[in-house]
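Per the UniProt record's numbering, the very first residue in the sequence shown carries number 1; after that it's consecutive.
A virtual CB, placed ideally from N, CA and C, is assigned to each residue, including glycine.
Okay, structure first, notes after.
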Amino acid sequence: MLLSIRELTSGYGRIPVLRGVDLDVAEGEIVALLGVNGAGKSTTLRAVSGVLPTWSGTVSFDGTTLGRRTPEARARLGLGHVPEGRGILSSLTVRQNLRLGATARGRGARDVAQDEERLLEVFDALRDKLGAPAGSLSGGQQQMLAVARALIGRPRLVMVDEMSFGLAPILVTQLLGLVARLRAESGTAFLLVEQHSAVLDIADRAYVLSGGAVHTSGPAHELAQSENLVRAYLG
Ligand code: ATP
1 MLLSIRELTS
11 GYGRIPVLRG
21 VDLDVAEGEI
31 VALLGVNGAG
41 KSTTLRAVSG
51 VLPTWSGTVS
61 FDGTTLGRRT
71 PEARARLGLG
81 HVPEGRGILS
91 SLTVRQNLRL
101 GATARGRGAR
111 DVAQDEERLL
121 EVFDALRDKL
131 GAPAGSLSGG
141 QQQMLAVARA
151 LIGRPRLVMV
161 DEMSFGLAPI
171 LVTQLLGLVA
181 RLRAESGTAF
191 LLVEQHSAVL
201 DIADRAYVLS
211 GGAVHTSGPA
221 HELAQSENLV
231 RAYLG
């Protein structure tokens, strides 16, 4: 397994949120993480990226137990995180935002230029906007930028928190299609927190979190067959 989470507990201050999460992402796999508001989806991503501490249990990435490693050290191992709210710096240009992703992983200038070109082939809408302030982009373009920034430096796994938030359904389908393409072309694995049902069309497997633990998991196409599940957790 590329990412392996076992009996993970974590929370905020002394307030527990995760109560023993078990979750795996294989090399090159797309995994959806579903659940109602407050189930602990964002908290899971934060604990994996190291923004929140692991209280107990283990998170291992590519065979390395992450323990108390900092978010920066985890990023250098190839773990990308697009947080809720995207984290785009609106007064910087699109290109400056993209290059921040490279700085985080300590990449050389030539590698960065190559990665940038490869990503612009996929996120074509950003090409004409490289010199524009990121704040002038549409919501969909900002989301593309956030994902592209996480992909600079060729991470092995990118975790994206509600990519579809606030976007029109057609844009959501388009963005998910780009994720599927990126996986096919580069073998990057994705862990996607989503509330949009289209995620089950591109995911290999899905987990449903409830009350800080895994409630259900299985192949995405099987979970997509469950009307109750789709109605309860997906829009
Ligand atoms: P949502 O879609 O609402 O983000 P989620 O499944 O991602 O849902 P989390 O954001 O992980 O849920 O929140 C899980 C629990 O942790 C909730 O009870 C929430 O109130 C609490 N929580 C989230 N962020 C913080 C924080 N910064 N400080 C304290 N409690 C928090």
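heavy atom of the ligand ATP below 7 Å from residue i C-beta
| i | result |
| --- | --- |
| Ala39 | yes |
| Tyr233 | no |
| Ser42 | yes |
| Tyr12 | yes |
| Gly35 | yes |
| Val17 | yes |
Residues bridged to residue i [DSSP beta-bridge criterion]
| i | result |
| --- | --- |
| Ile15 | Tyr12 |
| Thr216 | Val208 |
| His81 | Met159 |
| Ser138 | According to DSSP, which records beta bridges pairwise, Ser138 is partnered with nothing at all. |
| Gly24 | It should be noted that the sequence gives Asp, not Gly, for residue 24. Asp24 pairs with Ser4. |
| Leu45 | Looking at the DSSP assignment, Leu45 forms no beta bridge with any residue, so it has no partner. |
| residue 248 | Because the chain here runs from 1 to 235, residue 248 falls outside it and cannot be looked at. |
Alpha-carbon spacing of residue i relative to residue j, whole angstroms
| i | j | result |
| --- | --- | --- |
| Glu116 | Pro155 | 14 Å |
| Gly187 | Val25 | 13 Å |
| Ala113 | Ala47 | 31 Å |
| Leu130 | Val59 | 36 Å |
| Leu77 | Arg183 | 18 Å |
| Thr124 | Arg14 | Note that residue 124 is Asp in the sequence shown, not Thr. Roughly 45 Å separates the two Cα atoms. |
| Gly218 | Gly63 | 23 Å |
| Ser56 | Ile152 | 31 Å |
| Ala232 | Lys41 | 15 Å |
| Leu191 | Leu8 | 16 Å |
| Val122 | Leu209 | 31 Å |
| Ile202 | Leu176 | 7 Å |
| Leu229 | Ile5 | 23 Å |
| Leu66 | Leu3 | 10 Å |
| Glu27 | Ala189 | 6 Å |
C-beta neighbour in chain B for residue i, strict 8 Å
| i | result |
| --- | --- |
| Pro169 | Absent here is chain B; the protein component of the structure consists of one chain. |
Requested in this report: Determine, using beta-carbon pairs with one atom in the segment 74-94 and one in the segment 158-173, whether at least three such pairs fall under 8 Å.
Outcome: The way I'd put it, the segment 74-94 does touch the segment 158-173; three or more beta-carbon pairs between them come closer than 8 Å.
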